[in-house]
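Letter by letter, the sequence shown follows residues 0 to 192 of numbering that gives the first Met the number 0.
Heads up, the beta-carbon is just placed ideally off N, CA and C, and yes, glycines get one too.
These numbers come from a predicted model, not from an experiment.
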Amino acid sequence: MKLNKEFWKEKYRLEDTPWDAGSATTPITTFIDGLEDKNLKILIPGAGNGHEFEYLYNKGFKNIYALDITEEPLVNIKRKLPELPEKYLILQDFFQLTGSFDLILEQTFFCALAPDLRPLYAKKINEILTQKGQLAGVLFDFPLTESGPPYGGDISEYIRLFEPFFKIKTLERCYNSIKPRKDKEIFIHFYKK
Ligand SMILES: C[S@@+](CC[C@H](N)C(=O)[O-])C[C@H]1O[C@@H](n2cnc3c(N)ncnc32)[C@H](O)[C@@H]1O
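Dropping the structure here:
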């Protein structure tokens with residue numbers, strides 16, 4: 000199975016989007032609620048229908064970017080936030096993105112990538128963060144098998160993957176997952192090395 004643009008486009012066309020929680024989930028909203036600097040330049044890669052983006056926007060963060068390889072979800076964000084300038088919605092493959100961000104928020108994007116892209120994901124995130132940049136969000140906590148997406152992983156794999164690029168502040172089982180994701184999520188908060 001090729002997890003390319005056509006794959007995701009078809010998922011949205013069929014409205015087969017089981018990952019979409021319908022609103023930003025509590026691990027992410029709790030983290031966002033703790034952010035003080037509303038001027039942070041924030042990227043949400045693989046933003047989908049952008050619930051986290053909308054949450055940030057409604058909290059007064061305005062230097063925020065939603066990126067997706069598929070057009071449909073970005074159109075959905077624009078529909079919800081018609082006044083939003085187009086430049087904040089980036090239709091592009093994450094791995095082709097250039098630029099720099101203070102904070103990157105991860106929510107079911109990493110787990111949607113083919114696992115062999117994980118080292119490239121860690122490297123790319125590091126590359127597009129500012130000097131004191133941060134990566135925060137959730138990764139799944141269930142065995143990594145060939146079946147997916149979503150693809151799982153565990154704390155030891157994530158340490159091996161991310162430690163070369165990041166100082167690890169938090170990497171632990173979420174205490175505040177939404178019910179269907181309870182005991183299946185790890186919260187991460189890393190700083191660029
Ligand atoms: C599982 S969905 C998650 C969407 C959203 N984060 C959420 O939680 O609702 C994965 C998203 O990543 C997007 N995607 C997949 N590969 C991508 C890539 N290489 N670059 C950018 N977006 C990509 C898909 O189009 C899809 O919207």
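| Is glutamine 130 near ligand 1, in the sense that its beta carbon is under 6 Å from a heavy atom of that ligand? | no
| Among the residues of its own chain, which have a CB less than 7 Å from the CB of tyrosine 120, if the five just before and after it don't count? | Phe109, Leu112
| message | I need the boundaries of the alpha helix (DSSP H) containing isoleucine 31, first residue and last residue. | response | 25-32
| Limits of the unbroken beta strand (DSSP E) element including arginine 180 | Premise fails: arginine 180 is in no beta strand (DSSP E) and is neither H nor E.
| Cβ-based neighbour list, glycine 98, same chain, cut-off 7 Å, excluding 5 preceding and 5 following | Ile127
| Taking 6 Å as the line, does the beta carbon of glutamine 95 fall inside it for any heavy atom of ligand 1? | no
| Would you say glycine 47 touches ligand 1, meaning its beta carbon is less than 6 Å from a heavy atom? | yes
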